[in-house]
Every structure is written in C-alpha cells, then in structure tokens.
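Working notes, beginning with the structure itself.
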Amino acid sequence: MKFLLTLLIAYSGMLCFCLAMPRHWKQFGFSRYGEGWRHVCRPAGALLLILAVYLDSLIWPVGMAWVGWFGMMSLAGLTLALLAPYAPRLALWLPAGTLPLALWWVLS
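If you count by the numbering used here, then the sequence shown holds residues 49 to 156, one letter each, in order.
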C-alpha cells in the first residue's frame, strides 16, 4: 500500500507539471481561473516529486529508492499521457485517492 501512495504522489507531481503548461491548463478546463494558480503548479509539482522520493527512501534502501522513484515517475507520466487526451476528468480525479491512503499510512 505504501508503494501505491508514493505512486499516486508521483502522479500528482506529474499532473502539477502538466497543469503548469498553458496548453494543458486550457485542455483540462482551467482557463476560467486566473493565471496565478497555473504558476503555483510548477513548485507544487516539484515538492510532490521530492515528497515521493522521500517516501520511497522510507520503503526501500536509498540506492533502490532512487531507481524506484524514476520508475514511478515514468509510470506516472505514461499514465497521465494516456489518460489526458481520452479521459481528462479521470486524469484530474485520480490523485483523490491519495488522502485516504496517506491517512491509512499514518494510522498504521
């Protein structure tokens, strides 16, 4: 389950990087919001990816955590690239499962 949480956090970081681009910002329907929100997405994506590598280091040894993190970033990017054109709403709501998993991790 911890692996799934870190994968969802990596996906959220990649989604933030995706939303930082004007084209994808409009594609996902956020054009009615201000540009200030779009500029917040890039640092938020970087922080989420850093959090994902930290959580990976809690699961695996450090050397293996970096390999796992790159694999998770690749899997998250591929998932986002396949979902964005065909199911943009699903691509946006997929990270919503992160909160229950995070609560489960903290409580266990």
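C-beta atoms are modelled at their ideal positions from N, C-alpha and C, and glycine is treated no differently.
Every value quoted in this text rests on a predicted model; they were computed, and no experiment measured them.
For residue i, which residues of its own chain have a beta-carbon under 8 angstroms away from its beta-carbon, when the five flanking residues on both sides are left out?
i, result
"Gly77", "Pro136"
"Arg86", "Leu67, Ala68, Pro70, Trp73, Phe78"
Buried or exposed: residue i, going by 16 or more other Cβ atoms within 10 Å of its Cβ?
i, result
"Ser60", "buried"
"Met120", "buried"
"Leu53", "buried"
"Ala113", "buried"
"Ala124", "buried"
"Ala173", "This structure cannot speak to residue 173, because the chain is shown only from 49 to 156."
"Gly111", "exposed"
"Val101", "buried"
"Leu96", "buried"
Measure the CB-CB distance between residue i and residue j and report whether it falls below 8 angstroms.
i, j, result
"Leu63", "Pro143", "yes"
"Met49", "Trp117", "no"
"Arg90", "Phe51", "no"
I'd like the list of long-range same chain contacts for residue i, defined as Cβ closer than 7 angstroms, with 5 residues on each side in sequence excluded.
i, result
"Leu56", "Pro143, Gly145, Thr146, Leu149"
Could you name the residues of the same chain whose beta carbon sits closer than 6 angstroms to that of residue i, not counting the 5 residues immediately before and after it, in chain order?
i, result
"Ala132", "Ala139"
Just to confirm the assignment: which complete alpha helix (DSSP H) runs, minimum length 4, are found wholly within the segment 80-147? 83-107, 110-134, 136-141
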